[in-house]
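One structure is given here, and the rest of the page talks about it.
See the structure below:
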């Protein structure tokens, strides 16, 4: 069955300063570069077959580390970008609370408002899913697709892929820099009328442990 890996980029200076990046094109800092190199060595052991990345430089640099480790090319797709956050981009949380406190509280609480006049989470999810589905449509049944993206866009995509009600998306924790989440495609789930995706690992920094899937155990557990 196919595996889908959503991988957040490494740290940037704005991450370290707790600034709202959105679609500002901020590069990885030296810590982020080291994070990407370490994580790439682990992810390469999953046997990725496709790497697709947001076109912003912090994700492209992260993806390039896996490209080197796995010997695969990277394609880019602007639909995998972070949420556009309008006037909030470049501001710290404290800055936003001082100037736009009510909207920030509503957004942080999971409301589907436009941060800084930018994009709703539901809009981010829609473009993310469109990009992911286009990539999946060109892959085989046993593919391991690595999507290199951003914290907010990854959470929105995962909530949508799992068919979670929007109001429950906030239950998914904030993704750590260079952490990833792994979803398994499962036709049995699709035939039951729910999402065909099962969340195997969330906010991970190591490879998933073998787990039973619909009564079929990994070979080493039989």
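Numbering (our numbering), first residue to last: 248 to 469.
Backbone N, C-alpha and C define an ideal beta-carbon position, used for all residues, glycine too.
Measure the CB-CB distance between residue i and residue j and report whether it falls below 8 Å.
{"i": "residue 298", "j": "residue 393", "result": "yes"}
{"i": "residue 376", "j": "residue 408", "result": "yes"}
{"i": "residue 428", "j": "residue 401", "result": "yes"}
{"i": "residue 551", "j": "residue 323", "result": "This structure cannot settle anything about residue 551, because the visible part of the chain is limited to 248 through 469."}
{"i": "residue 432", "j": "residue 248", "result": "yes"}
{"i": "residue 282", "j": "residue 424", "result": "yes"}
{"i": "residue 474", "j": "residue 399", "result": "Any question about residue 474 goes unanswered here, given that the chain covers just 248 to 469."}
{"i": "residue 313", "j": "residue 391", "result": "no"}
{"i": "residue 403", "j": "residue 253", "result": "no"}
{"i": "residue 444", "j": "residue 430", "result": "yes"}
{"i": "residue 266", "j": "residue 363", "result": "no"}
{"i": "residue 380", "j": "residue 422", "result": "no"}
{"i": "residue 263", "j": "residue 276", "result": "yes"}
With H, G and I counted as helix, E and B as strand and the rest as coil, what does DSSP make of residue i?
{"i": "residue 458", "result": "At residue 458 the pLDDT is 46, less than 50, meaning the model places this residue with poor confidence; the figure from the coordinates comes in the next sentence. Three-state DSSP puts residue 458 in coil, outside helix and strand."}
{"i": "residue 322", "result": "strand"}
{"i": "residue 338", "result": "coil"}
Return the Cβ separation of residue i and residue j in integer angstroms, given the expectation that the two are a contact with Cβ distance under 8 Å.
{"i": "residue 306", "j": "residue 397", "result": "7 Å"}
{"i": "residue 470", "j": "residue 418", "result": "It is not possible to answer for residue 470, since the shown part of the chain is limited to 248 through 469."}
{"i": "residue 311", "j": "residue 357", "result": "At roughly 33 Å, the Cβ-Cβ gap does not stay under 8 Å, so residue 311 and residue 357 are not in contact."}
{"i": "residue 471", "j": "residue 304", "result": "No statement about residue 471 is possible, as the shown extent of the chain runs from 248 to 469 and does not include it."}
{"i": "residue 395", "j": "residue 301", "result": "7 Å"}
{"i": "residue 333", "j": "residue 361", "result": "7 Å"}
{"i": "residue 317", "j": "residue 291", "result": "4 Å"}
Go to residue i, then tell me how far its alpha helix (DSSP H) extends in each direction, as first and last residue.
{"i": "residue 451", "result": "Run containing residue 451: none in the alpha helix (DSSP H); it sits in the beta strand (DSSP E), 444 to 451."}
Say whether chain D places a C-beta atom closer than 8 Å to the C-beta of residue i.
{"i": "residue 448", "result": "Among the chains of the structure shown, chain D does not appear; only one protein chain is present."}
Which residue spans inside the stretch 362 to 429 form an unbroken beta strand (DSSP E) run of at least 3?
Runs of the beta strand (DSSP E) lying entirely within the stretch 362 to 429, each at least 3 residues long, are 391 to 396 in chain order.
Go through the stretch 250 to 312 residue by residue and report every complete run of the beta strand (DSSP E) that reaches 3 residues or more, in order.
If we require 3 residues or more, the beta strand (DSSP E) runs fully inside the stretch 250 to 312 come out as 250 to 255, 297 to 300.
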